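Sequence positions in the sequence shown follow my numbering and run 8 to 86.
The beta-carbon is built from N, C-alpha and C at its ideal position, and this holds for glycine as well.
No experiment lies behind these values; they were computed from the predicted model shown.
Worksheet: one structure, shown below.
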Amino acid sequence: MPINKNEITKEMLEKVMQCETADELIALAKSEGIELTKEEAEAYLTELGDFELDEATLKKVAGGDCYTDGPCGTDLKSY
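In structure tokens form, the structure reads like this:
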């Protein structure tokens, strides 16, 4: 069953990232009204396992953007 990526919320993605097995992902999907086969769940978990953030994105996620570039994204050179 194709999943409409526009319907995936941040909260749903956070829950998905916590799933360690295909069975956990299948149960989560079912609770959201989405049917997944074991093969689909395993493919999604493999894809998520290969996902890496680049350094700039990782700093922003960790809250480092406000400290490395100046107050909340402003360039320190402009001060």
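Point to revise | Per-residue DSSP class, three states only, for residue 40 | key: In this structure, residue 40 counts as coil in the three-state DSSP scheme.
Practice item. Please report the Cβ distance between residue 20 and residue 26, rounded to the nearest whole angstrom; I am assuming they are in contact, meaning their Cβ atoms lie under 8 Å. Key: That pair is no contact at about 11 Å.
Exercise for review: Identify whether residue 30 lies in helix, strand or coil by the three-state DSSP scheme.
Suggested key: helix
Review point. Does the Cβ-Cβ distance between residue 32 and residue 50 come in under 8 Å?
Key: No, the Cβ-Cβ distance between residue 32 and residue 50 is not below 8 Å.
**Study point:** residue 29, buried or exposed, once every other Cβ within 10 Å from all chains shown has been counted against 16
**Key:** Label assigned to residue 29: buried.
Point to revise | For residue 53, the three-state DSSP class (helix, strand or coil) | key: helix
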